[in-house]
Amino acid sequence: MALKPSLMSTTLWDFPSQQYGDEKQGDKNYKGATPSFIIWNLLQRYTKPHDLVVDPMCGSGTTIDVAHDLKRRVMGFDVNPTRPDIIQSDARKIPLETATADFVFIDPPYSTHIDYSDDPRCIGKLTAQTDEYYKAME
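In case it helps, our numbering puts the sequence shown at residues 42 to 179.
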């Protein structure tokens, strides 16, 4: 039987793997991938079915897959889309028509630790040793 997530009741979350169940959520080998268990717990706690979830730095699409699994509407954006359902956009200027969402999940690049993209707009190209990174994250 496939491992399904359980709602964590403490502030210390420990998960046995990158993904849950028999279906894959995003790409577990994507550099800097967020464990799907984290997104699942957050969406279970703070959203309801049919709420709109937005991920401005969608990476391999883990948020999209978990949101679909939980019956949430979802829009994923990334400066370097890895699949067709991720909209190509700079996170600082996402084309969200109504400018509203029920929940925004964002796992930003932590400075220059991982090379996510060759795109010069990629926030991961900015070093956290300067104010430019923090201004971009505002």
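Backbone N, C-alpha and C fix where the C-beta goes; we use that ideal spot for every residue, glycine too.
Take the alpha-carbon of R86 and the one of R114: they are about 16 angstroms apart. For V120, no beta strand (DSSP E) encloses it, and the DSSP letter there is neither H nor E. By the neighbour-count criterion, in which a residue is buried when 16 or more other Cβ atoms sit within 10 angstroms of its Cβ, I80 is buried. Taking all protein chains shown into account, Q60 has 16 or more neighbouring C-beta atoms within 10 Å of its C-beta and is therefore buried.
In the three-state reduction of the DSSP assignment, F78 falls in the helix class, which pools H, G and I.
Its chain contains I79 and N82 as the residues whose beta carbon lies nearer than 7 angstroms to that of W54, once the 5 sequence neighbours on both sides are disregarded; these appear in chain order. M116 is positioned such that its CB atom lies no closer than 7 angstroms to that of I147. For the pair T88 and D143, the CB atoms are nearer than the 7 angstroms cut-off. Sixteen is the threshold: when 16 or more other Cβ atoms of the shown chains lie within 10 Å of the Cβ of T103, as they do, the residue is buried. D106 sits away from V120, with the two beta carbons spaced by 7 angstroms or more. For D148, no beta strand (DSSP E) run applies, since DSSP gives it neither H nor E.
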